[in-house]
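Chemist: In this text, residue positions in the sequence shown follow the numbering used here: the first is 653, and each later residue adds one.
Where is the CB? At the ideal position from N, CA and C, for every residue including glycine.
I'd like to ask some things about the structure below.
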Amino acid sequence: MTSLNDKKKEPVEPENELSDVIKQIEKIPITGEVADARIPLNCLENYDISHSLAKEKLSQSKLGTAKIQDAWKIPKVSAGEVTWKKRAAAAIITASPAITKCETVATSVADVNLTQANDLHRNPTDNVTLKISQAKALCDETKTVMESKRFAADSMPKPQNKDLLQHEVKATTATQADLNALSKQTLMTCFKNESQCMKSVAEIDEDDFLFMSVYATDIYDYLFKLESEQPIDKDHLKGQKEINANMRATLVDWINEIHLHFHMNDEVFQLTVAIIDRYVQIVKDTKFSQFQLVGLTAFFLAAKYEKSRPPSFVDLLRLTDDSYTDSQMRQMELKILKILDYNLSRPLPIHFLKRFTKVSEAEAIHYAMSKYLIELTMIQPDMAHYKPSEIAAASLFLALNLLKVKCVPSMGFDSSYWTVTLQQYSRYEIEDIKPIARKIAEVARNAQTNPLRAVYNKYKSTKFLEISLRSELYGSLIDSLIKDEN
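As C-alpha cells, then:
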C-alpha cells in the first residue's frame, strides 16, 4: 500500500481514478431503489475497491469525491428499496425469482401435505396419529430449510452470468420435483399398510400392564385359532334321546343363579356353559337324571380352573337337595375330563369382549350392557354354535347402537360404530355381525317376559347398573334394530 507522502510525490489523476471506481460500482448488482444519502468511501471496501482509495481522506481528492457522489445518484428502480450497511457483506436484495419460486413450491407442497394429514386426523375412522405427526415434522423441516436457503440467497449478489442463472432455475425445478416426490412418498407410506395407520397394540395397552401389549397380538391370534379348533355344532343336541333344548336352557339359567350365589366371576359361568355344550355334543346318550349333575360338575371344574378357592362339594351338593352323592360327583368329574381330553382351554366371549371394548374406547355402561347381552345369549340353545368372538363382537355392536347418545336417534343399525380399528382387531366386517346382533336384540327385547329370568334379575341390581331395566331395551329403537335387514 502506498503512503500519503508517496502520494504527494506522485500526483493522482482524478479522472482515471474516478473511472476505475465507477467501473467497480457498475459491477455491483442492483435490483432495488438506492437511498439518496451520500455514502463514505470506506463502505466500498467490501466490494474489493483498493484500500488506498477506500481509506484516503476526502480532502485529498475533492473533485473525485464530488463526481463519485454525483455518479452515485442512479435512477430509481421499481423492484424495491435497497439499504446499504457498513458491515453487510452485500446489499440486502430482493430474492431472485428462482429462489422465490423454489420457496413457493416448497411451501405449497408442505401445506398440501399438512392439509391432507389434518384431514386424516379429523376422520375418526382412520386413526393415523403416528404418521400425521411425521408428516407435520417433515413439513416443518422443509419450511425451515427453504427459509435458510432464502436467507443465504438474499445475502449474496445476483449473478449476472446467464449460465449461472439457468443453472439456478434448473436446481429450482429439481427441488420442486424432489419435494413433490417426497410428499407423495409420505402419503403413500401412510396408506400402504392400513394396520400401520391405526392405533397400535402398544398404544391401546400402554396404561395397563396386565394386558401385556408386547404379547397381545400373539395371544389373540392363538385364541382365534383355538375357538376354530373347538367348535360347537349348530345342532349339537341332535341325537339326544332324553334331553332337549328347553332342558339345556333351564340348566344354564340355574347355573347362572348359583354362579351369582357364590360370587364367581364372568369366566366361571361362561366356561361352565362351554363345558356342558362340548360334553353333550359328544355324549349323545346323556340321561335326564344325570343332566343336572353334569351341569353342577361343569361348574365345579370351571371354578377350579378360574378361581383359587372353588366352592366345596358339600356346598354344591346342598344346592341339589342332596340328590347326588360326593362319589357320583367325583366320577362325573373324571368322565367329563376324559371326554374333553383334559382340555378346558376354549376361549370365552368375555376374553374377546375385554379386548374389543378397549379398542373401541367404550365406557363402563357399554361394557355392562355387552355382558348382559352375552349372558342372555348363552341361555339360547340355537345360538350356542356361534364363536365366542362373534358373540362378543355382536353384543358390543348392539350395545353401542343402543347407548350411544345422539341428538336424533337413528332407526336401524349405525355402521359407523364398528370402526376400521374394530374391524381389524375383531376380524369381522359389519355384514358378519349384523345378523347375530339382530338375534341378540330380539332375545333382549323378550327378556322381561321370558320365564327364565336369572340373568334379567341379576342385572336389575345397582351393582350391574340396572342394565336390564333400561328403556333402550324395550323401545322403538330396539324394535327397528330387530327389523333392520340391510
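How about leucine 945 and tyrosine 994: do their beta carbons lie closer than 8 Å?
Modeler: Not in contact: leucine 945 and tyrosine 994 (Cβ atoms no closer than 8 Å).
Chemist: Should proline 1103 be labelled buried (16 or more other beta-carbon atoms within 10 Å of its own) or exposed?
Modeler: The residue in question, proline 1103, is exposed, as its Cβ has fewer than 16 Cβ neighbours within 10 Å.
Chemist: Is it true that the stretch 882-891 meets the stretch 1031-1039, where meeting means three or more beta-carbon pairs spaced less than 8 Å apart?
Modeler: At 8 Å Cβ cutoff, the stretches touch.
Chemist: Suppose you measure from the CA of histidine 913 to the CA of alanine 1106; what does that come to, to the nearest Å?
Modeler: So the alpha carbons of these two residues sit roughly 11 Å apart.
Chemist: Which whole-angstrom value describes the C-beta separation of leucine 875 and proline 999, a residue pair presumed to lie in contact below a C-beta threshold of 8 Å?
Modeler: The Cβ separation is near 4 Å, so the contact holds.
Chemist: Taking the alpha carbon of phenylalanine 1065 as the reference point, which residue from Arg1079, Ser1113, Ile1088 and Thr1073 has its own alpha carbon closest?
Modeler: Checked all of Arg1079, Ser1113, Ile1088 and Thr1073; the closest Cα to phenylalanine 1065 is Ile1088.
Chemist: May I ask you to report which of helix, strand or coil DSSP gives histidine 1018?
Modeler: Note: histidine 1018 maps to helix in three-state DSSP.
Chemist: Between Leu1125, Glu1081 and Ser1022, which lies nearest to aspartate 918 when the distance is taken from Cα to Cα?
Modeler: It is Ser1022.
Chemist: Pick helix, strand or coil for leucine 1129, following the three-state DSSP scheme.
Modeler: In this structure, leucine 1129 counts as helix in the three-state DSSP scheme.
Chemist: Count the CB pairs spanning the stretch 960-976 and the stretch 1004-1015 that are closer than 8 Å, and state whether there are at least three.
Modeler: The stretch 960-976 vs the stretch 1004-1015: no contact.
Chemist: Which residue comes first and which comes last in the alpha helix (DSSP H) that contains glutamine 944?
Modeler: Segment 940-958, the alpha helix (DSSP H) holding glutamine 944.
Chemist: Between lysine 1056 and valine 920, what straight-line distance do the alpha-carbon atoms span, to the nearest angstrom?
Modeler: Each residue's alpha carbon lies about 30 Å from the other.
Chemist: With a threshold of 8 Å, are at least 3 pairs of Cβ atoms found where one atom belongs to the stretch 959-968 and the other to the stretch 932-946?
Modeler: No contact exists between the stretch 959-968 and the stretch 932-946.
Chemist: Kindly list the residues whose CB is nearer than 6 Å to the CB of isoleucine 1082, restricted to its own chain and excluding five residues on each side of it in sequence; keep chain order.
Modeler: If we look at isoleucine 1082 and ignore the five residues flanking it on each side, its Cβ neighbours are Ser1067 and Trp1070.
Chemist: Taking alanine 950 and isoleucine 895 to be in contact with their CB atoms under 8 Å, please state how far apart those CB atoms are, rounded to whole angstroms.
Modeler: 14 Å between Cβ atoms; not a contact.
Chemist: Report the residue from Leu923, Phe1049 and Glu1137 whose alpha carbon sits nearest the alpha carbon of tyrosine 957.
Modeler: Of the candidates Leu923, Phe1049 and Glu1137, the one whose C-alpha sits nearest the C-alpha of tyrosine 957 is Leu923.
Chemist: Give the secondary structure of glutamine 933 by DSSP, where H, G and I count as helix, E and B as strand, and everything else as coil.
Modeler: Three-state DSSP puts glutamine 933 in a helix.
Chemist: Compare the Cα-Cα distances from isoleucine 1031 to each of Ala1099, Arg982 and Met981 and report the closest residue.
Modeler: That would be Ala1099, whose Cα lies nearest to the Cα of isoleucine 1031.
Chemist: Mapping DSSP to helix, strand and coil, what is threonine 869?
Modeler: Three-state result, threonine 869: helix.
Chemist: Using C-beta distances below 6 Å, list every residue in its chain close to asparagine 1109, excluding the 5 sequence neighbours before and after it, in chain order.
Modeler: Cβ neighbours of asparagine 1109 beyond the five flanking positions: none.
Chemist: Could you tell me the alpha carbon to alpha carbon distance between alanine 926 and leucine 903, rounded to whole angstroms?
Modeler: Cα to Cα, alanine 926 sits roughly 13 Å from leucine 903.
Chemist: Would aspartate 929 be called buried (16 or more neighbouring beta carbons within 10 Å of its own) or exposed?
Modeler: Result: buried.
Chemist: So for isoleucine 991, helix, strand or coil by DSSP?
Modeler: Helix at isoleucine 991.
Chemist: Where does tryptophan 906 sit, in a helix, a strand or coil, going by DSSP?
Modeler: In the structure shown, tryptophan 906 sits in a helix (DSSP, three-state: H, G or I).
Chemist: What does a CB cutoff of less than 7 Å around leucine 1074 pick up in its chain, not counting 5 residues either side in sequence?
Modeler: The residues are Phe1008, Val1011 and Ser1012.
Chemist: Would you check if the distance between the CB atom of alanine 1020 and the CB atom of leucine 1117 is smaller than 8 Å?
Modeler: Closer than 8 Å, so yes.
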